[in-house]
Structure formats: structure tokens, C-alpha cells
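Chemist:
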Amino acid sequence: MSYDKVMKLALERGFYFPSCEIYSDAPAGFWEYGPTGLNLKNKFIELWRRQLIRRDGMLEIDGCQIMSKSVFVASGHISNFTDPVVKCTKCGSTFRIDRYIEEKTGQRVPERLADSEIDALILQHNLKCPNCKGDFGKVGRFNMMFRVGIGPASEEAYLRPETCQSIFVDFSRVFKTMRGRLPLGVAQIGKSFRNEIAPRQSLLRLREFYQAEIEVFCNPSRLDEMPRFEEVKDTILRLFKDGEAVVTEVTAQEAIARDLVPNKLVAYYLALLTEFYEKTGIDIRKSRFRRLSDVEKAFYASVAFDFEVETSTGWLELVACNYRSDYDLKGHANTSKESLEVVDPADQKKVLPHVFELSMGIDRSIYTILEHSYYEEQVKEETRAVLKLKPYLAPVVVGILPLMTKEGLGEKARKIHSDLKLDFDTFYDESGSIGRRYRRLEEVGAPFAITIDQTTMQDDTVTVRYRDTMQQERIKVPELRQFLHNSLRI
RNA sequence: GCGACGGUCGUCCAGUUUGGUCUAGGACAUCAGAUUGCCAAUCUGGUAACCCGGGUUCAAAUCCCGGCCGUCGCACCA
Numbered sequence: 303m304s305y306d307k308v309m310k311l312a313l314e315r316g317f318y319f320p321s322c323e324i325y326s327d328a329p330a331g332f333w334e335y336g337p338t339g340l341n342l343k344n345k346f347i348e349l350w351r352r353q354l355i356r357r358d359g360m361l362e363i364d365g366c367q368i369m370s371k372s373v374f375v376a377s378g379h380i381s382n383f384t385d386p387v388v389k390c391t392k393c394g395s396t397f398r399i400d401r402y403i404e405e406k407t408g409q410r411v412p413e414r415l416a417d418s419e420i421d422a423l424i425l426q427h428n429l430k431c432p433n434c435k436g437d438f439g440k441v442g443r444f445n446m447m448f449r450v451g452i453g454p455a456s457e458e459a460y461l462r463p464e465t466c467q468s469i470f471v472d473f474s475r476v477f478k479t480m481r482g483r484l485p486l487g488v489a490q491i492g493k494s495f496r497n498e499i500a501p502r503q504s505l506l507r508l509r510e511f512y513q514a515e516i517e518v519f520c521n522p523s524r525l526d527e528m529p530r531f532e533e534v535k536d537t538i539l540r541l542f543k544d545g546e547a548v549v550t551e552v553t554a555q556e557a558i559a560r561d562l563v564p565n566k567l568v569a570y571y572l573a574l575l576t577e578f579y580e581k582t583g584i585d586i587r588k589s590r591f592r593r594l595s596d597v598e599k600a601f602y603a604s605v606a607f608d609f610e611v612e613t614s615t616g617w618l619e620l621v622a623c624n625y626r627s628d629y630d631l632k633g634h635a636n637t638s639k640e641s642l643e644v645v646d647p648a649d650q651k652k653v654l655p656h657v658f659e660l661s662m663g664i665d666r667s668i669y670t671i672l673e674h675s676y677y678e679e680q681v682k683e684e685t686r687a688v689l690k691l692k693p694y695l696a697p698v699v700v701g702i703l704p705l706m707t708k709e710g711l712g713e714k715a716r717k718i719h720s721d722l723k724l725d726f727d728t729f730y731d732e733s734g735s736i737g738r739r740y741r742r743l744e745e746v747g748a749p750f751a752i753t754i755d756q757t758t759m760q761d762d763t764v765t766v767r768y769r770d771t772m773q774q775e776r777i778k779v780p781e782l783r784q785f786l787h788n789s790l791r792i
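Those letters in the first sequence? Residues 303 to 792, per this note's numbering, in order.
(1) For the stretch 642-723, which segments carrying the beta strand (DSSP E) assignment without a break, of at least 3 residues, lie completely within its bounds, in sequence order?
(2) Whose CA, out of L423, D364, F470, lies closest to the CA of A635?
(3) Work out the CA separation of K478 and V644 for me, nearest whole Å.
(4) When you compare the CB positions of H674 and I702, do they come within less than 8 Å of one another, or not?
(5) How about N565 and V653: are their beta carbons less than 8 Å apart?
(6) Unbroken alpha helix (DSSP H) runs of length 4 or more, entirely within the stretch 518-567: which are they?
(7) Are there 16 or more other CB atoms within 10 angstroms of the CB of G339, so buried, or fewer, so exposed?
(8) Let me know the beta strand (DSSP E) ranges lying completely inside the stretch 485-522, each 3 residues or longer, listed in chain order.
(9) Mapping DSSP to helix, strand and coil, what is C366?
(10) Taking V621 as part of the beta strand (DSSP E), name the residues at either end of that continuous run.
(11) Can you give me the C-alpha to C-alpha distance between C623 and K599, rounded to a whole angstrom?
(12) Verify the contact flag: L429, CB atom, against every heavy atom of the ligand GDP, threshold strictly below 7 Å.
(13) Could you check where the alpha helix (DSSP H) with P320 kicks off and where it finishes?
(14) For F511, count neighbouring Cβ atoms within 10 angstroms of its own Cβ and tell me buried if that reaches 16, exposed if not.
(15) Return the chain-ordered list of same chain residues with a C-beta closer than 7 Å to the C-beta of A557, the five sequence neighbours on each side being excluded.
(16) To the nearest angstrom, how far is it from the Cα of G545 to the Cα of T670?
(17) Using only CA atoms, which one of G734, Q490, L631, T685 lies nearest to F519?
(18) I want to know whether the stretch 604-617 touches the stretch 687-705 - three or more CB-CB distances under 8 Å.
(19) Just the C-alpha distance for V597 and K307, rounded to the nearest angstrom, thanks.
(20) Rounded to the nearest angstrom, what separates K717 and F726 at their Cα positions?
(21) Cutting at 6 Å between CB atoms, please list the residues of its own chain near D646, excluding the five before and the five after it.
(22) Would you say the stretch 363-378 touches the stretch 455-474, given that touching needs at least three Cβ pairs under 8 Å?
(23) Need the endpoints of the beta strand (DSSP E) that Y768 sits in, please.
(24) Taking Cβ to Cβ, would you say A455 is nearer than 8 Å to K371?
(25) Once the 5 residues before and after P463 are set aside, which same chain residues still bring their CB inside 7 Å of it?
(26) Can you grab the Cα-Cα spacing for the pair I752 / S321, in whole Å?
(27) At the level of alpha carbons, what is the spacing between V476 and M360?
(28) Can you tell me whether N428 is helix, strand or coil according to DSSP?
(29) Check for me: the beta strand (DSSP E) holding S589 runs from which residue to which?
(30) Near S504, what residues of its chain come up, given a Cβ to Cβ distance below 6 Å and the 5 sequence neighbours on each side ignored?
(31) Please report the residue range of the beta strand (DSSP E) in which I752 lies.
(32) Should I754 and L705 be called a contact, given that it needs their Cβ atoms to be closer than 8 Å?
(33) Classify C366 as buried or exposed, calling it buried when 16 or more other Cβ atoms lie within 10 Å of its own Cβ.
(34) CB F276 to CB Y625, shorter than 8 Å?
(35) For the putative contact between D770 and K690, defined by C-beta atoms under 8 Å, what is the C-beta separation to the nearest angstrom?
(36) Check each candidate in A547, L642, I668, L743 and name the one with the smallest Cα separation from A687.
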């Protein structure tokens, strides 16, 4: 389905919409989840917990969004997350000056070059604005982190640009108090903030967004010692590298044998991730793990795979899988002067763990689930819009509809509703024609509709209608609970 | 951030060229009632919008300026 259709559905059915939209100064890049979208997101997160956290015995924490400056000195965000920019004094155009110098002169500009030296380079090469030939102003800095001032003295701090920094700074305590053993996954769901220059396309590029991050702490000398790998050795991984014509489909085991994936630990987690996304309803045949080239990788990554999915907007990165080595713990250990080494019980030796991370974009995942689940079908000259969400992700699981309100059907339907509503996401609807009510439910992805008709009054059965096939079957009212329970099984 | 184009009920669109009849119209959606009684039916009625701010003018949805947002392109996406 197209981006525009998904967007329209999202606005009309309460999935998501612009933040502060009643005000004209609402900035771009901020979106809110409405009731249906939040429910879908919550269920997506529960699925993530089930398929990754609980399955693998990971530990989940919930850290703060505002973190001290030192954290980002240690993480490298203060120096690496800042781009040198210049503004044309005549037309006001802004340029990434380091890239511009490289482009014009072929001379590489090191990341930590002082602003005054960049100014000197501009003069030396007599660089002018490419748009209007005007002079450049002095070099400025654009940091993608949101700075905040704490307390009356406005102590320098930042909104975290990725959730994982809390995991790194909390690692030592969590590992000790939870009696951790390597390899250990520590996970977190929460918001991150990046002051994007040009946020675009609603949930796909936000300034405030949700991440579900998993940091797997491991002993770098034991990356191929993964007993759990056996569980996923036959899982198919879809691997891809730029320049290749097609995606390579291989089992996890084969991927290691052919050196497409560096070790068992990485292969294991790529497989878990694949199995998780299969259960979200995203079309896995439209996905790939793209191995990033050296120039594309983040500054902290030594090996990186992006889990990408094909959507109407092109290939979309949903998860960044980075082998961060000891970049983060080393940085935090050096800056904080705390030892972050742990003892690996396997050999009773101290080790500074390496980290393999699965950094998931929740908002992008939600968008992709919607796009891949949304269908328009022709039914008797009419277009039927159906959101074919997995039952366990659907914001509304079952609609409860009296065929009419007369002859006691309304009361009977309300009784059934009140018996179910505490345990399932139900929606009671008695207004309008039955067909219209079915269609409304389909648009929010409700997999089932229960209809109360005259027969119900005689034999205490209802019809259950299946969203995808529109077929119906009769079920005894006392069995509804069990039916729904079974249908929601993952 | 730059450039081009755009912004009217929940959604889509008409009206803007040439300022006045626009007290802003339609379709779909939505709400209430009637009717029907298993797939967006029908009838009646209702709710509901000119992105924000300033200017020009007797008069602004319409013209001008600024801002915000959106789409596309460039750049950016650690």
C-alpha cells in the first residue's frame, strides 16, 4: 500500500497525527500516537518482549532521557555528533563546510579540526557560496543533540540521542545486582531525541522517537561459543551487500560457514530478529540485512548490518545491528574512571565486554506493519479497506454488534460485551447497517466481529465473522472467551 | 537549511486567475431519528473548514509581506 493511503488511514482512524496540530507554530518532526496507534504500539512492544527479551533471558531497564554532559563526552556524541556549518552572508544558504571543502579541493577535513583552521582553509582556497557566489561567514557548529539546562545554573546536559547510553552507564550495577553472565542482553524501550535538520514523512523521520534497543555484552574471545545458537541454526537469513544483484538466502549456520556473518553470536541475534519480524506481519520476503560498508558505518561500529524492509518509500532501515566492540564501555570507563570490567565465569578472567547491539526504530516498525498489512479489495463494486493485522497486534480484537437493537438483541449484545471487555480489546457498536459496522472494524484491523441475531435469543449462539475471509461461523456464547483466547495465541 | 510548488469541514475537492452574490458549495465520513435486518442500502435532520500573524482596501478564502506546516529536489540522516 502507498504511503499516502497509510497516512490517510492513520489520520482518520486515530493511529497517529501531528503533535500540537491546533497551533500554527507546531514544529516538524513531532508526532503523537492516538488510541489505536498506541494500542498497536503497546502490543508490538509486548511481542518484542516475548520474542527477544524473555526468550533470550535479557534484562530490561528504563533509563532517564536527560543525561549529563559527561555521558556524551564519553560516548563521542559531543565531538562526533557536531557538524561544522557555514552560512552564506549574502543568500543565507547553509553548508556542511567539511564536506564542501572536500568536494571542492579533494582535501580531507579531519573531524576534530578547529573552527579557526577551517576558516583558514576557506580563505586559502577562496571558497564562495555555490548558489550566489557570496562570501561565507565564520564556521559554526550544529549539534544534533538537544541541549537542556538543569537547575537554576542551567548545568549543561542533553536529551539522549539514543537510548543505549543508559544501558552502558548502568551496565556495571545491573550486571552485579542481577548476577549477570556473559553474554548478557540488556534492553531498553524509550524515547530518543535528535534535532534533525529536515524531518520528513511522519513516523519515518522524527525528532522525538521511540527506540527499542538491545545491547548484548559479550566476551570478544567467545563469540563462537553460543549454545543457544542451535535453536536458530536453520533460520533463514536474508543477507545483502551493496553492489550485489540479489539477496542471499542462507541458514544461520551456512552464513557463518560462508563467512557472510562474522560469528555465531551475531548470527544468533540476526536470526532472533528475523523470527521476531516474521511475527509482526511484515512481509519478510521484502526484508534484508544489508551489510554496511566502512564509510557508511556509525563512528562506533566495527561491523554493521541494517535490517531493511521495502516499503512504498523505498528501502527503510528498521533496525541497526552494530558490533560496537568495547567502544562504549571503554569510553565510559576512561571518562568516569570507573572500572567496567567483569569476570567471565568461563575462565575466571577479567574482561571488558564487547557489545553487539540491535537498535530498533519502533515508529518505523509501526509504520511498516501498517503499510504491509493494509489492503484494498473489490467487493461488489465497492472497495473494502482492510488492515490485516495479526490478531495479537490488533488494537481492537473483536467488535460486538447486535444485528438490531430491538427484541432484546441490544441488551444481549451489551451483556456479552461486558463479559468480555475486561479481558479483550473489544468494541461495541449498534449504530448503522451491519455492513458498515463490519467495514469500520476492518479498517482498524479487528480480526473478528461477533454478531448477535434472532438465533442468539433461541440457542445462545452468535456468529463470528473473520475479517480476512468475511466468512462466518456460529459459536456458543459461553465458548467465546476460549475462542478469543485461542485466536490470540502467537 | 536552500529552491520550486502547495495549505479551504475528519477526508477529498470546488471557489482564488478578474477582491463583492461565500451568510464558503459538494462528495465521502461522522452524529441523531426513521426504515431495513448479515456485508459501506435508503430517507430526514444535524455537527463540521478558509494554517497563523500583519498589511492594502469601503470590502480579502481571493492581493501583498512575514512565520509555520506539507510534497518534491538538493543537502543531511551520527
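For every residue, glycine included, the Cβ atom is placed at its ideal position computed from N, Cα and C.
Modeler: Taking the definition as stated:
(1) DSSP runs (the beta strand (DSSP E)) wholly in the stretch 642-723: 644-646, 651-653, 656-663, 676-681, 684-689, 700-704.
(2) Measuring from the Cα of A635, the nearest candidate turns out to be F470.
(3) Cα to Cα, the separation comes out at about 9 Å.
(4) Their beta carbons are not under 8 Å apart, which means H674 does not touch I702 by this criterion.
(5) If you check the CB distance, N565 and V653 do not come in under 8 Å.
(6) DSSP assignment within the stretch 518-567 yields the following whole alpha helix (DSSP H) runs of 4 residues or more, N-terminal first: 554-559.
(7) With 16 or more Cβ atoms within 10 Å of its Cβ, G339 is classed as buried.
(8) Within the stretch 485-522, the complete beta strand (DSSP E) runs of at least 3 residues are 486-495, 510-520.
(9) The answer is coil: DSSP assigns C366 none of H, G, I, E or B.
(10) 616-627 is the span of the beta strand (DSSP E), which, as asked, contains V621.
(11) So the alpha carbons of these two residues sit roughly 10 Å apart.
(12) Ligands in the displayed structure: none, and consequently the ligand GDP is not present.
(13) The continuous stretches of alpha helix (DSSP H) do not include P320, which lies in the beta strand (DSSP E) extending over residues 318-320.
(14) Classification for F511: buried.
(15) Residues of the same chain with a CB within less than 7 Å of the CB of A557, apart from the 5 flanking positions on each side, are L539, L541, V563, A569 in chain order.
(16) Cα to Cα, the separation comes out at about 25 Å.
(17) Checking every option, the nearest Cα to that of F519 belongs to L631.
(18) No: the two stretches stay apart, fewer than three of their Cβ pairs being nearer than 8 Å.
(19) Rounded to whole angstroms, V597 to K307 spans 35 Å at the Cα level.
(20) Straight-line Cα distance between these residues: approximately 14 Å.
(21) So the list reads L484, N521, V653, once near-sequence residues are dropped.
(22) Taking 8 Å as the limit for Cβ pairs, the verdict is that the stretch 455-474 does touch the stretch 363-378.
(23) Here the beta strand (DSSP E) through Y768 covers 763-768.
(24) Contact check for A455 against K371 fails: the beta carbons are separated by 8 Å or more.
(25) Taken in chain order, the residues that qualify are H379, F383, M446, M447, S494, F495, R496.
(26) Distance between the alpha carbons of I752 and S321 is about 35 Å.
(27) C-alpha of V476 to C-alpha of M360: approximately 11 Å in a straight line.
(28) DSSP places N428 in coil when its eight states are reduced to three.
(29) From DSSP, the beta strand (DSSP E) with S589 extends over 589-593.
(30) The answer, listed in chain order, is W333.
(31) Counting along the chain, the beta strand (DSSP E) containing I752 begins and ends at 750-754.
(32) It is a contact, given that the beta carbons lie within the stated cut-off.
(33) Per the 10 Å Cβ criterion, exposed.
(34) Examination of residue 276 is not possible in this model, given that the chain is present from 303 through 792 alone.
(35) Contact between D770 and K690 holds: their C-beta atoms lie close to 6 Å from each other, under 8 Å.
(36) Here the closest residue by C-alpha is L743.
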